[in-house]
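Asker: Please see the structure below; I have some questions.
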Amino acid sequence: MTIFQPDFLLHGADYNYEQWLDYPDILAQDFRLMGLAQCNVVSVGIFSWAMLEPAEGKYEFGWMDQMLDSLAENGVRAILATPSGAKPAWLAHAYPEVRVVDGNGRCEPHRLRHNHCPTSPIYRQKVRQINTLLAQRYKEHPALFMWHISNEYGSYDCRCDLCYNAFREWLQARYGTLEALNHAWWTTFWSHRYTDWSQIEPVDPSVHGLMLDWQRFISDQVLDFYLAEIEPLRAITPHVPITTNFMQPNVGLDYWKFAQYLDVVSWDSYPRWHSQPEGDTAVAVKTSFYHDLYRSLKRQPFLLMESTPSVTNWQGISRTKRPGLHLLSSLQAVAHGSNSAQYFQWRQSRGGEEKFHGAVVSHAGHEHTRVFREVTAVGAHLAQLQNVTTTCNQAQVALVYDLQNEWALDLARLPRSEDKLYQERCIAHYRPFWDAGITVDLIDSSTVDLTPYKLIIAPMLYMLRDGFADRLHQFVQAGGTLLLTYLSGLVNESDLCFIGDSPLRKLLGLWVEETDSLFAHHVQALHPMADNDLHLSGSYAATHFADIVHLDGAEALACYGHDFYAGQPALTVNRVGNGRCYYLATRPDSRFLHDFYTALSTQLDLPRAIPTPLPAGLTAQVRQNGREQYLFLMNFQPAPQTVNLGAAHYQDALSGDGVQDMVELEGYGLRVLRKEIG
Ligand code: GLA
Ligand code: ZN
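Per this note's numbering, the sequence shown starts with residue 1, numbered consecutively.
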């Protein structure tokens, strides 16, 4: 693996030079404008296959030579893409097997992009060929900075024979025998037993183990495709780091697994700013959660590979960013661990699907626009914050957001299948830490090391992977604090329910007898017990799910307020070894989560970005190394707000001016402060 450690923050965009070959004046302008905006990288060649190989085996690299030479002359580095994200027409027509087959057995016509069969040997061979040629040709080119593999790999749901056969082989490797598979999927139910591997088709939503394994297979197959893509690159350019741009997390690929094979994680962020009547805070929290996820995948800085400098053209409605928000949202990524702010796209295309998508350079073609000025401000900030690349965020709190758990939970048919809201609830548990300026890592429940953390929160961990209950037990035993909730530990990795004692029983010190499903008009109440050691009091609302539990070692901290189980435990704590395990038996309101985590954070003495409480809609995030700390104060409210830094002495990271006590932030304003530590 190549270690990616840039000594500067990357600023740039997807650059489609090849669309403008007939417009030399525009190409000349591009390099001037990149200089003005302090762009130091561009992602190139992403959709260039048809221009690189206009006919089978006939190559035209001249334009790319010229582009890379010009980039090098202008001090702009190239993140060079492999072109597999969109195939040329000749390829799709000569070899129909490269196209995705739908559920009705129809081969998709040649159109769009991101729609190839992940198994097709011919597609893999053609991709390998073009990737090899790119690597051989440009391996010594001074502009070549990083590989950008394909584009936004998706969960290609291809139903061709090649994919089905590969799935059956994957199942044989996983289960060995049909007997084992029939047991794991509980196929005696509804007479679904398979007597031959060839009978297995991933078309039955009632066989949950089957559909879960199909999702895992697709994810593995896309990863396998990626590994085939990078093989020639690793051989020819071992010194050049490799990434692929991820999307928002719930697209059907197990990014936790995928990330192990990247040198650096990168992702494309498109929040719906200004879409909510309540303002932008919820959008900001969700975006921060995603950034924290992408940092956590490798517990290393990541790259923001794409974001829009202004608007999108695919979200139905996309408002133009209010003044200041572009700088704020770009630096928000950096605050959570990104070493870049990059855009889709550099220049608005003249035609095609995305001609009205925002760009650094609009159809007007010059720098005298608000968007260009805001982009330039980002460039200026990043240029002055280079040392930030030597720092990262350090968390003592981890929140389990497990993508395979999400797939399994989505498939489950529960007494209340509406509003499972797995990701939303993970974000609800994350929110109090965002509000308080406490760093959170995200983890999944595979093999990740739990020892760096003081507090682990695992909402709705429906599927318990082999060994995870034991690892949680050890974590708590050794002094850790854990929170689990309703809908946890119900099934194993093949979606079979646990029978007898739950594997979590000892850890929780209780067992769940029933779960009540609440309609929207049923609101439960959660009443803290007198003198609970978190000092919770009053009453909180709870909705959707309510477990009725029996204590077996745990102590009740709050009880239900209504119905036949009023007075029974709704929040419990169990002391195990040197640690504690909390169980939240119901889905509480946000006020409860705020009060609960505030109390817990104080008890555990979790480090906060600054000691004083932050105003609503404003967060503070910290990146540090052993010597210095960067404090990012970010106001997602349109109105100005003031932050009290207390006694600490900071410097403004840009101007160098001393800063202490009260700091004023404009609406959608940002301050980056710095201090020496250690
Ligand atoms: C994605 C793609 C880009 C472009 C943008 C538009 O992130 O990777 O090619 O389509 O969306 O927002
Ligand atoms: Zn296929």
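For each residue, glycine too, the CB sits at the ideal point set by N, CA and C.
Relative to the ligand ZN, is the shortest distance from any of its heavy atoms to the C-beta of Val622 smaller than 7 Å?
Answerer: Within the sequence shown, the letter at position 622 stands for residue 622. No, the Cβ of Val622 stays beyond 7 Å of every heavy atom of the ligand ZN.
Asker: Using 8 Å as the threshold, is the C-beta distance between Leu633 and Ala616 below it?
Answerer: Walking along the sequence shown from the start, residue 633 turns up at place 633. Walking along the sequence shown from the start, residue 616 turns up at place 616. Contact flag unset, no.
Asker: Within 7 Å: the Cβ of Ser219 and any heavy atom of the ligand ZN?
Answerer: Locating residue 219 in the sequence shown gives position 219, where the first residue counts as 1. For the ligand ZN, not one heavy atom lies less than 7 Å from the Cβ of Ser219.
Asker: Would you list the one or two residues that DSSP bridges to Arg159?
Answerer: What you label residue 159 is simply residue 159 of the sequence shown in a count that begins at 1. BP columns for Arg159 are empty, so no partner.
Asker: With 16 as the cutoff for other CB atoms within 10 Å, does Thr308 come out buried or exposed?
Answerer: Translated into the one-based positions of the sequence shown, residue 308 becomes position 308. It is buried - the Cβ of Thr308 has at least 16 other Cβ atoms within 10 Å.
Asker: Are the beta-carbon atoms of Gly480 and Ile456 separated by less than 8 Å?
Answerer: For the purposes of this step, residue 480 is taken as the residue at position 480 of the sequence shown. For the purposes of this step, residue 456 is taken as the residue at position 456 of the sequence shown. A contact, by the Cβ cut-off of 8 Å.
Asker: When we look at the beta-carbon of Pro564 and count the other beta-carbons within 10 Å, is it buried (16 or more) or exposed?
Answerer: Here residue 564 refers to the residue found at position 564 of the sequence shown. The sequence as given places Phe at residue 564; Pro does not occur at that position. That one is exposed.
Asker: Measure the CB-CB distance between Glu201 and Asn245 and report whether it falls below 8 Å.
Answerer: Working through the sequence shown from its first residue, we reach residue 201 at position 201. Working through the sequence shown from its first residue, we reach residue 245 at position 245. In this structure, Asn245 does not lie closer than 8 Å to Glu201 by Cβ.
Asker: Is it true that the CB of Thr598 sits closer than 8 Å to the CB of Ala436?
Answerer: Numbered from 1 along the sequence shown, position 436 holds the residue referred to as residue 436. Numbered from 1 along the sequence shown, position 598 holds the residue referred to as residue 598. In this structure, Thr598 lies closer than 8 Å to Ala436 by Cβ.
Asker: Which class does Cys497 belong to by DSSP, given the choice of helix, strand or coil?
Answerer: Here the question's residue 497 lines up with position 497 in the sequence shown. Cys497 falls in the strand class under three-state DSSP.
Asker: Just curious, the beta strand (DSSP E) that Trp267 is in, first and last residue?
Answerer: By one-based count along the sequence shown, residue 267 stands at place 267. Per DSSP, Trp267 belongs to the beta strand (DSSP E) from 266-268.
Asker: Using a Cβ-Cβ cutoff of less than 8 Å, which residues in the same chain neighbour Trp511 once the five nearest sequence positions on both sides are dropped?
Answerer: Here residue 511 refers to the residue found at position 511 when the sequence shown is read from its first residue. Spatial neighbours of Trp511 in its own chain (CB-CB distance under 8 Å, excluding positions within 5 residues in sequence) are listed in chain order as Asp501, Ser502, Arg505, Val549, His550, Asp552.
Asker: Using DSSP bridges, identify the partner residues of Gly12.
Answerer: Position 12 of the sequence shown, counting from 1, holds the residue named residue 12. Beta-bridge pairing links Gly12 to Val41, Gln342.
Asker: Assuming Ala143 and Leu33 are in contact, meaning their beta carbons sit under 8 Å apart, how far apart are those beta carbons, in whole angstroms?
Answerer: Looking up residue 143 in the sequence shown gives position 143. Looking up residue 33 in the sequence shown gives position 33. The pair is not a contact, with the Cβ atoms about 18 Å apart (cut-off 8 Å).
Asker: If we count the other Cβ atoms within 10 Å of its Cβ and call it buried at 16 or more, is Leu140 buried or exposed?
Answerer: Numbered from its first residue, the sequence shown carries residue 140 at position 140. Checking the displayed sequence, the identity of residue 140 turns out to be Glu instead of Leu. Exposed: under 16 other Cβ atoms inside 10 Å.
Asker: Could you give the residue range of the beta strand (DSSP E) that holds Gln629?
Answerer: Against the sequence shown, residue 629 aligns to sequence position 629. From DSSP, the beta strand (DSSP E) with Gln629 extends over 628-635.
Asker: State the Cα-Cα distance for the pair Leu536 and Asn165, rounded to the nearest angstrom.
Answerer: The residue you call residue 536 lines up with position 536 of the sequence shown. The residue you call residue 165 lines up with position 165 of the sequence shown. Leu536 and Asn165: Cα-Cα distance of roughly 57 Å.
Asker: Please report the distance separating the alpha-carbon of Gln524 from that of Cys559.
Answerer: Counting from one through the sequence shown, the residue named residue 524 turns up at place 524. Counting from one through the sequence shown, the residue named residue 559 turns up at place 559. Distance between the alpha carbons of Gln524 and Cys559 is about 10 Å.
Asker: How is Ile26 classed by DSSP in three states: helix, strand or coil?
Answerer: Taking the first residue of the sequence shown as 1, we reach residue 26 at position 26. Of the three classes helix, strand and coil, the one that applies to Ile26 here is helix, per DSSP.
Asker: Given a threshold of 16 other Cβ atoms within 10 Å of its Cβ, counted over all protein chains shown, does Gln730 qualify as buried or as exposed?
Answerer: Nothing can be reported for residue 730: it is not among the residues displayed for the chain, which extend from 1 to 678.
Asker: Does the distance from the CB of Thr515 to the CB of Ala546 come in under 8 Å?
Answerer: Within the sequence shown, the letter at position 515 stands for residue 515. Within the sequence shown, the letter at position 546 stands for residue 546. Their beta carbons are under 8 Å apart, which means Thr515 touches Ala546 by this criterion.
Asker: Which parts of the region 241-319 are runs of the alpha helix (DSSP H), unbroken and 4 residues or longer, counting only runs that do not cross its ends?
Answerer: 255-258, 281-296
Asker: Does any heavy atom of the ligand GLA sit closer than 7 Å to the C-beta of Tyr650?
Answerer: Along the sequence shown, one-based indexing puts residue 650 at 650. The answer is no for Tyr650.
Asker: Which one or two residues does DSSP pair with Tyr560 in a beta bridge?
Answerer: For the purposes of this step, residue 560 is taken as the residue at position 560 of the sequence shown. Bridge partners of Tyr560: Leu526.
Asker: Which class does His368 belong to by DSSP, given the choice of helix, strand or coil?
Answerer: On the sequence shown, residue 368 is found 368 positions in, with the first residue counted as 1. Here His368 sits in coil by DSSP.
Asker: Following the continuous beta strand (DSSP E) through Ala541, name the residue where it begins and the one where it ends.
Answerer: Along the sequence shown, one-based indexing puts residue 541 at 541. Element bounds for Ala541: 540-551.
Asker: Compute the beta-carbon to beta-carbon distance between Asp441 and Ala398, rounded to the nearest angstrom, for a pair I have assumed lies under 8 Å.
Answerer: In the sequence shown, residue 441 corresponds to position 441, counting from 1. In the sequence shown, residue 398 corresponds to position 398, counting from 1. Rounded, the Cβ-Cβ distance is 5 Å, consistent with contact.
Asker: Is the region 35-42 touching the region 374-393 in the sense that three or more CB pairs, one from each, lie closer than 8 Å?
Answerer: Cβ pair count under 8 Å is three or more, so yes.
Asker: Around the C-beta of Thr451, are 16 or more other C-beta atoms found within 10 angstroms, so that it is buried, or is it exposed?
Answerer: The sequence position of residue 451 within the sequence shown is 451, counting from 1. Thr451 comes out exposed.
Asker: Check whether the region 526-535 touches the region 460-475, taking contact to mean three or more Cβ pairs, one atom from each stretch, closer than 8 Å.
Answerer: no
Asker: Between the alpha carbons of Arg128 and Asn151, how many angstroms are there, rounded?
Answerer: For the purposes of this step, residue 128 is taken as residue 128 along the sequence shown, with counting starting at 1. For the purposes of this step, residue 151 is taken as residue 151 along the sequence shown, with counting starting at 1. Taking the straight line joining both Cα atoms gives about 16 Å.
Asker: Let me confirm a value: Pro232 is counted as buried when at least 16 other C-beta atoms fall within 10 Å, else exposed. Which label applies?
Answerer: By one-based count along the sequence shown, residue 232 stands at place 232. With 16 or more Cβ atoms within 10 Å of its Cβ, Pro232 is classed as buried.
Asker: Would you call the region 457-465 in contact with the region 405-418, where contact means no fewer than 3 C-beta pairs closer than 8 Å?
Answerer: Contact between the region 457-465 and the region 405-418 is present, with at least three C-beta pairs closer than 8 Å.
Asker: Consult DSSP for Ser417 and reduce its assignment to one of helix, strand or coil.
Answerer: Translated into positions along the sequence shown, residue 417 becomes position 417. Here DSSP, grouped into helix, strand and coil, assigns Ser417 to coil.
Asker: Could you check which residue in Ala648, Val375, Cys497, Gly324 has the C-alpha nearest to that of Gln342?
Answerer: If you number the sequence shown from 1, residue 342 lands on position 342. Taking only the C-alpha atoms, the option nearest Gln342 is Val375.
Asker: Am I right that Leu304 and Ser338 are in contact with their C-beta atoms under 8 Å? What's the rounded C-beta distance?
Answerer: On the sequence shown, position 304 is the one that residue 304 refers to. On the sequence shown, position 338 is the one that residue 338 refers to. The beta carbons of Leu304 and Ser338 sit about 4 Å from each other, so the pair counts as a contact at 8 Å.
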